[in-house]
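Positions 2 to 53 (our numbering) are the ones given, in order, by the sequence shown.
Think of the CB as a built atom: it goes at the ideal place given N, C-alpha and C, for glycine as much as any other residue.
Here the structure comes first, spelled out in structure tokens, and everything after it is commentary.
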Amino acid sequence: MKKYKCKKCGWVYDPKKGDPASGIMPGTPFEELPDEWVCPRCYAPKSQFEKM
2 MKKYKCKKCG
12 WVYDPKKGDP
22 ASGIMPGTPF
32 EELPDEWVCP
42 RCYAPKSQFE
52 KM
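Here it is in structure tokens:
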């Protein structure tokens, strides 16, 4: 599973860690995140993330 980086603030989504604070369990690929999910640091939409 690939990591994705926010182009706005640099926060990295690591599928191994998920985003538990947003209800995203570890092991969730970026592609399976809900469309309404946003960066937990700067609230940028998924479209602002790039594959690392």
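The beta strand (DSSP E) enclosing residue i, as first and last residue numbers
i, result
"Tyr-5", "5 to 7"
"Phe-50", "50 to 52"
Neighbourhood of residue i by C-beta, 8 Å cutoff - its chain only, sequence neighbours within 5 removed
i, result
"Phe-50", "Tyr-5, Lys-6, Cys-7, Lys-8, Tyr-14, Phe-31 and Cys-40"
Buried or exposed (CB count within 10 angstroms, at least 16 for buried), residue i
i, result
"Pro-16", "buried"
"Asp-20", "buried"
Residues of its chain near residue i, where Cβ-Cβ distance is below 7 Å and the 5 sequence neighbours each way are ignored
i, result
"Lys-18", "Pro-27"
"Cys-29", "Residue identity differs from the one stated: residue 29 is Thr in this sequence, not Cys. Closer than 7 Å at Cβ, skipping near neighbours: Pro-16 and Gly-19."
"Pro-46", "Val-39"
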